[in-house]
Each structure stands twice: as structure tokens, then as C-alpha cells.
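If you're matching them up, the sequences are chains R and E in order.
End of the first sequence sits at 215 in this note's numbering; the numbers just go up one at a time, nothing left out.
End of the second sequence sits at 458 in this note's numbering; the numbers just go up one at a time, nothing left out.
Note that beta-carbon positions come from the ideal geometry of N, C-alpha and C, so glycine has one too.
None of the values given here were measured: they were computed from a predicted structure.
To start, the structure under review is shown below, and the notes come after it.
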Amino acid sequence: MLNVKDRDLVIPGQLLGENLYHDLNCFRENNHVYSSVEGMVRIEGKRVKVIPSTGIYIPKEDDVIIGVITNVLVDIFFVDINSPYNCSMRGEEVSKDAMKKDLSRYLKVGDIITAKISEVNEVYSCQLIRPWKIEGGLIIDVNPKRVPRVIGKRRSMLNMIKEKTKSKIIVGQNGKIWIKGGNVDLAVRIIKRIERYAQTRGLTDKIAEILKKES
Amino acid sequence: MVLIKDGKRLDGRDFDELRDVKMEVSVLERAVGSAYMEWGKNKVMAAVYGPRELHPKFLQDPTKALLRCTYNLAPFSVEERKRPGPDRRSVEISKVTTEALSSVVMLEKFPNTVIDVFIEILQADAGTRCVGLTAASLALADAGIPMRDLVAACSAGKIQGEIVVDLMKEEDNYGECDLPLAIIPRKGEVVLLQMDGKLTKDEFKKAYELAFKGAMKVYEMQKNTLLGSMKRFVGEGGNDDGN
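Right, here's the structure in full:
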């Protein structure tokens, strides 16, 4: 039994319904399912979830992120990934015999990389693989919980922005977005707009319209 | 001092009437979540930072996050300048606020981290711990931190033999008793209950009832504030020219 409709706004502790399956950002007490964050309810059959309106980034396996090297040790890099948890990368990712070479030849403190999270443990410490050094361009911040909207279903939104602005764009799941070349100004404006109106219906159409008008 | 005149209180309120409450969220740019509240003459700002890395490291708990509330009374918030910095009173209020909020925040979701809550009293007019706690719970919700429910608070007390809700400064200073109460509205559980002064058993029951009803009213306002703040993100089609 449902107490809310699809796309309703909810606050923490609000009753969503009874005898439901629950997904992200909900919790159950005596067969009653409640929301645990403020956000928007999505219902699929008997399954409910809440899309949060805001929040911090929690590392997840297979996420592509953009981070900053904070420390280089003998065979390990430490990376700041805009999250409260520590994140490291093995030296073998940049060199075959990492122990013999000085790793700062490849990546120095302060260098910005994009990489994939290969492994996350139970206290959310994570390992990165396949780093790629980012040079030039600019990086903008968006709320990590709204990044999925910037990418869109099957990357539709991102491909559209890339095509219209002719920019190179890498979207980090941790809320950092790198943009280089093309119409950077327009790309930044569009992404900020998507962040602002993240949960709007028909957002892709609206953004397509703006892109068409301005490019 | 005469506190009750012709069945009304000094500011013309009934015995079971709250002062005007104004709430606003997302007021600070750099905080993860924030709230500003005006409750009568009280003006309170609450800000949430985190979850973030906890230092010193020995305080880290791999099973849950640490919640750290800091209640601070600004030097200019009261009539006579208050010496800045923590004192016995604000340390105590920080502690009880932390304990009240710990029962709703899902700390187990963020191991090894800390969630910092700063409550700044810019203008005080009795009942600041209730206002601070209410604002802090709004700020936590605004920060997107998972919670089991909001916390709503309200005080009651006894002035000239009458049990009244939501004391203001004169009533607090010259009254007989003050009873701040914070609840989890969904279950009706009590997370903070203090008493300054004396009440008989029957008086306590009546004061508790009044404070509880007041807190429920505050909860409704919290709910509307949060829902109102979210409307910005789901506005139809994003039609205004925000950018």
C-alpha cells in the first residue's frame, strides 16, 4: 500500500507505504517504509526509492572520478576524490617496476587525474586503476547526487552537450567535471542549469532547445 | 513583575500560543547544509559540514560517524555582552543537542567520519536550545544526511502559577519554571527533556502536553519549509532564465 505518488517530494522520516520493497535512501520499521533523506520518490511496481536532492560522494565500484594527487610514497599514490574517505592508487598503474623508479616522475602532488574505482571496502576506502592525467581545460563542481542527470539515460544528455559544444568533457561521478575546447562557456552554463533543475520533467528537451538556440 | 494581565501574557499571547516562527534553509553558500530560524526575538543560524574526515584519527570509529554539535551564544546576542567562547552552559547545551540528534541521524552510514553541526545564536530571547535544535535538524536534512526523522522542539513553563507554552525572556527570568522538550514527531519519542525550576506532578503533565503540542506545530512548519525549498529543483521544465 502506497502513501505517496510517483515524483512526490518527501522529507526524512516520511511514510512511503506499507509492505513495499525498498531501495536507496529508504528504511523499514515494522513493515512500514520511510524515506531517510529529502528528495523525490520514484515508484516502480512495488519498489520505491528516493532520489536525494543533495549529498556528498560515497565511492562506488566502477565509478569514473576526477581527483587530485595529494601524496606520493614509494609505491603508492594518495588521491583526493572529493569524499570523506581515503583513496589510493598502486604505483604499478603508472610503471611496470614502480619500486625501482621515482613515482613523481609520472605524477606529482597536485596533478589532476581521472581514474576508475576498482575496489571499495566496507569502510569505503578505495583503490583506483587506469589513471589518465588531465592537462588544460577547466574543472567545475556540481553536486555529486545530481551527476546522473548530467550524464542522462544511456549518456544521452552528455552526448548531446558534447556534440553541440564540440567540447571534450569528462564527468567524474564525484561531482567534478572537466571541460576542454569548443564552446566551454556554453557547456558550463548548460551543466550548471542541469544541476539547478536536476529533477525537472522534460529536462532533456528543454536543454536541447537551449543548445539549438545558442550554438 | 506582572506577567499575566487579563488572561493574556505580556506580548498578548494566549497560554497555549507560540511566538511567530520563521524558517529558511540553504542560507549559507559554503556549508553542506544550513538553516536560519527566527522564533519570536530569537535569531539562530545552524550549519552542517560533512560527513568529512575526522582528525585526530584515534577518534575515528569504523562502525559509525561521530556527530559533533557546537552551540555558541554570540557575544552580542544578549543584553549584557557575553564573554566569547565556550562556557559551562554552552558546553552542556552542545552535549544534549548532540545526544538528541544522534538518535535520528543514521550515523552508521558514514564510518570513520565526522558530521559537524554549528549552532550560532545571533539573538537570544529564551528557549534558544529549542530553536537551535530545530534549526540543526533542518540543516541536517538540507545537507542530505540520512535521518530517521526530524527533531522538533518547544518549551513550556510556569509563570505566576499558570502553565504556558513557549516562554519568552521576561517569562523565563521572572517565571517559576522552564521545561524544554524535543521530540521525534513520528513516534512521539522524547529526545531532550530538561527542567529548570519546580513543578508538581499534575503541572508537569500539563506542561509536557503543551510543549508536545507546540513541538508538533513546529514540526509542521519544518516540513513545509523543507518541501518548499525542494520545489526549486523540480520546478516545471526549468522555464525561468536562471542562467
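### For Tyr-124(R) and Pro-52(R), believed in contact at Cβ under 8 angstroms, the rounded distance
Here residue 52(R) is taken as the residue at index 52 of the first sequence, counted from 1. Here residue 124(R) is taken as the residue at index 124 of the first sequence, counted from 1. Contact between Pro-52(R) and Tyr-124(R) does not hold, since the beta-carbon distance rounds to 17 angstroms and is not under 8 angstroms.
#### Entry: Pro-131(R): first and last residue of the uninterrupted beta strand (DSSP E) it sits in
Translated into positions along the first sequence, residue 131(R) becomes position 131. Per DSSP, Pro-131(R) belongs to the beta strand (DSSP E) from 126-134.
### Message
Assuming Thr-70(R) is part of the beta strand (DSSP E), what are its boundary residues?
### Response
Along the first sequence, one-based indexing puts residue 70(R) at 70. Taken as a continuous stretch (DSSP letters only), the beta strand (DSSP E) holding Thr-70(R) covers 64-72.
### First and last residue of the uninterrupted beta strand (DSSP E) at Met-238(E)
Residue mapping note: residue 238(E) aligns to position 23 of the second sequence, counting from 1. Here the beta strand (DSSP E) through Met-238(E) covers 236-240.
### Query
For Leu-24(R), is the classification buried or exposed, using 16 other Cβ atoms within 10 angstroms of its Cβ as the cut-off for buried?
Here residue 24(R) refers to the residue found at position 24 of the first sequence. Leu-24(R) comes out exposed.
### Message
Can you pull the chain E neighbours of Lys-145(R), defined as C-beta to C-beta under 9 angstroms?
### Response
The residue given as residue 145(R) occupies position 145 in the first sequence. Simply Gly-359.
### Task
Check the C-beta distance from Ile-65(R) over to Asn-174(R) and give it rounded, since I have them as a contact under 8 angstroms.
As a working mapping, residue 65(R) is identified with position 65 in the first sequence. As a working mapping, residue 174(R) is identified with position 174 in the first sequence. With a Cβ gap of about 4 angstroms, Ile-65(R) and Asn-174(R) count as contacting.
#### Entry: Cutoff 6 angstroms; reference Asn-454(E); Cβ partners in own chain excluding five residues on either side
For this step, residue 454(E) is matched to residue 239 along the second sequence. For Asn-454(E), the pLDDT reaches just 46, beneath the cut-off of 50, and the residue's location in the model is therefore unreliable, leaving the point undetermined.
### Task
Please name the residue in Asp-357(E), Lys-258(E), Glu-295(E) whose C-alpha comes closest to that of Ser-241(E).
Counting from one through the second sequence, the residue named residue 241(E) turns up at place 26. Asp-357(E) is the residue among Asp-357(E), Lys-258(E), Glu-295(E) whose C-alpha sits nearest the C-alpha of Ser-241(E).
### Query
Quick check: the region 10-20 of chain R against the region 364-375 of chain E, are there 3 or more CB pairs under 8 angstroms?
In the pairwise beta carbon analysis, the region 10-20 of chain R is classified as touching the region 364-375 of chain E: at least three pairs are separated by under 8 angstroms.
### Query
Count the other CB atoms within 10 Å of the CB of Ile-113(R); is the residue buried (16 or more) or exposed (fewer)?
The sequence position of residue 113(R) within the first sequence is 113, counting from 1. The residue is buried, with at least 16 neighbouring Cβ atoms inside 10 Å.
### Query
Taking Cβ positions, are Leu-282(E) and Val-320(E) nearer each other than 8 angstroms?
Position 67 of the second sequence, counted from the first residue, corresponds to residue 282(E). Position 105 of the second sequence, counted from the first residue, corresponds to residue 320(E). Taking 8 angstroms as the Cβ cut-off, Leu-282(E) and Val-320(E) qualify as a contacting pair.
### Query
With 8 angstroms set as the bound, which would you pick, yes or no: does the beta-carbon of Arg-234(E) sit closer than that to a beta-carbon of chain R?
By 1-based counting over the second sequence, the position of residue 234(E) is 19. No, Arg-234(E) does not count as interfacial toward chain R.
### Message
Which of the three DSSP states is assigned to Arg-90(R) in this structure?
### Response
Counting from one through the first sequence, the residue named residue 90(R) turns up at place 90. The answer is strand: DSSP assigns Arg-90(R) an E or B state.
### Message
From the DSSP secondary-structure annotation, give me the bridge partner or partners of Gly-17(R).
### Response
Residue mapping note: residue 17(R) aligns to position 17 of the first sequence, counting from 1. In the DSSP output, where bridge partners are listed per residue, Gly-17(R) has Leu-2(R), Val-33(R).
### Query
Shorter than 8 angstroms from the beta carbon of Leu-441(E) to some beta carbon of chain R?
To locate residue 441(E), count along the second sequence from 1; it is residue 226. Cβ-Cβ to chain R under 8 angstroms: yes for Leu-441(E).
### Task
Measure how close the beta-carbons of Asp-392(E) and Lys-373(E) come, nearest whole angstrom, since I'm counting them as under 8 angstroms.
Taking the first residue of the second sequence as 1, we reach residue 392(E) at position 177. Taking the first residue of the second sequence as 1, we reach residue 373(E) at position 158. Sequence check: residue 392(E) is Cys here, not Asp. Between Lys-373(E) and Cys-392(E) the Cβ distance is about 4 angstroms, and since that is below 8 angstroms, they are a contact.
### Task
Could you tell me whether the Cβ atoms of Leu-348(E) and Ala-315(E) are closer together than 8 angstroms?
As a first step, residue 348(E) must be located in the second sequence, where it is residue number 133. As a first step, residue 315(E) must be located in the second sequence, where it is residue number 100. With contacts defined by Cβ atoms closer than 8 angstroms, Leu-348(E) and Ala-315(E) form a contacting pair.
### Cβ-based contacts, 7 angstroms cut-off: residues of the region 30-58 of chain R near chain E
Cβ contacts with chain E: Ser-36, Val-37, Glu-38, Met-40, Pro-52, Ser-53, Thr-54, Gly-55, Ile-56.
### Query
Mind checking if Thr-200(R) is an interface residue toward chain E, Cβ cutoff 8 angstroms exclusive?
Locating residue 200(R) in the first sequence gives position 200, counting from the first residue. Closer than 8 angstroms to some Cβ of chain E, the Cβ of Thr-200(R) qualifies, so yes.
### Message
For a contact defined as C-beta to C-beta under 7 angstroms, what are the partners of Gly-13(R) on chain E?
### Response
Translated into positions along the first sequence, residue 13(R) becomes position 13. Going along chain E in sequence order, the residues near Gly-13(R) (Cβ under 7 angstroms) are Met-362, Arg-363, Asp-364, Leu-365, Arg-401.
#### Entry: Nearest-angstrom Cα separation, counted from Arg-401(E) out to Arg-234(E)
Position 19 of the second sequence holds residue 234(E). Position 186 of the second sequence holds residue 401(E). Each residue's alpha carbon lies about 23 angstroms from the other.
#### Entry: Through-space distance from Ala-351(E) to Gly-67(R), alpha-carbon basis
Translated into positions along the first sequence, residue 67(R) becomes position 67. Translated into positions along the second sequence, residue 351(E) becomes position 136. Taking the straight line joining both Cα atoms gives about 31 angstroms.
### Span of the alpha helix (DSSP H), counted from its first residue to its last, around Asp-387(E)
Start at 1 with the first residue of the second sequence, and residue 387(E) comes out as number 172. That run of the alpha helix (DSSP H) goes 384-389.
### Task
Over the uninterrupted beta strand (DSSP E) stretch that includes Asn-287(E), give me the two end residues.
The count along the second sequence starts at 1 and reaches residue 287(E) at position 72. 281-288 is the span of the beta strand (DSSP E), which, as asked, contains Asn-287(E).
### Task
Decide if Asp-456(E) is buried, meaning its Cβ has at least 16 other Cβ atoms within 10 Å, or exposed.
For the purposes of this step, residue 456(E) is taken as residue 241 along the second sequence, with counting starting at 1. Since pLDDT at Asp-456(E) reaches only 39, below the 50 mark, its modelled position is unreliable, and no value is offered.
### Message
Between the alpha carbons of Leu-355(E) and Gly-248(E), how many angstroms are there, rounded?
### Response
As a first step, residue 355(E) must be located in the second sequence, where it is residue number 140. As a first step, residue 248(E) must be located in the second sequence, where it is residue number 33. The alpha-carbon atoms of Leu-355(E) and Gly-248(E) are separated by roughly 6 angstroms.
### When Ser-36(R), Leu-20(R), Asp-63(R) are compared against Ile-43(R), the one with the closest alpha-carbon
As a first step, residue 43(R) is located in the first sequence; it is residue number 43 there, counting from the start. Ranking the options by Cα distance to Ile-43(R), first place goes to Leu-20(R).
### Task
In angstroms with no decimal places, state the Cα-to-Cα distance between Asn-86(R) and Cys-126(R).
Working through the first sequence from its first residue, we reach residue 86(R) at position 86. Working through the first sequence from its first residue, we reach residue 126(R) at position 126. If you take the alpha carbons of Asn-86(R) and Cys-126(R), they lie about 7 angstroms apart.
### Query
When the Cα atoms are used, what is the spatial distance from Lys-164(R) to Thr-200(R)?
Residue mapping note: residue 164(R) aligns to position 164 of the first sequence, counting from 1. Residue mapping note: residue 200(R) aligns to position 200 of the first sequence, counting from 1. Each residue's Cα considered, the two are about 21 angstroms apart.
### Task
Could you give the DSSP three-state label for Lys-46(R): helix, strand or coil?
For this step, residue 46(R) is matched to residue 46 along the first sequence. Here Lys-46(R) sits in coil by DSSP.
### Message
Going by C-alpha to C-alpha distance, which of Ile-330(E), Asp-302(E), Lys-279(E), Ser-305(E) sits closest to Ala-262(E)?
### Response
In the second sequence, the residue the question calls residue 262(E) occupies position 47. Closest by alpha carbon: Ile-330(E).
### Query
At a Cβ threshold of 8 angstroms, is Arg-267(E) touching chain R?
As a first step, residue 267(E) must be located in the second sequence, where it is residue number 52. So, interface residue.
### Message
If we define contact as Cβ-Cβ less than 8 angstroms, is Phe-77(R) a contact residue for chain E?
### Response
By 1-based counting over the first sequence, the position of residue 77(R) is 77. For Phe-77(R), the answer is no, since every Cβ of chain E falls outside 8 angstroms of its Cβ.
### Message
Counting C-beta neighbours from all protein chains within 10 Å, is the total for Leu-73(R) 16 or more, i.e. buried, or is it exposed?
### Response
Sequence index remark: in the first sequence, residue 73(R) carries index 73 (1-based). Answer is exposed; the Cβ neighbour count stays below 16.
#### Entry: Min CB distance Val-247(E) to chain R below 8 angstroms
Here residue 247(E) is taken as the residue at index 32 of the second sequence, counted from 1. Yes, Val-247(E) lies at the interface with chain R (some Cβ there is under 8 angstroms from its Cβ).
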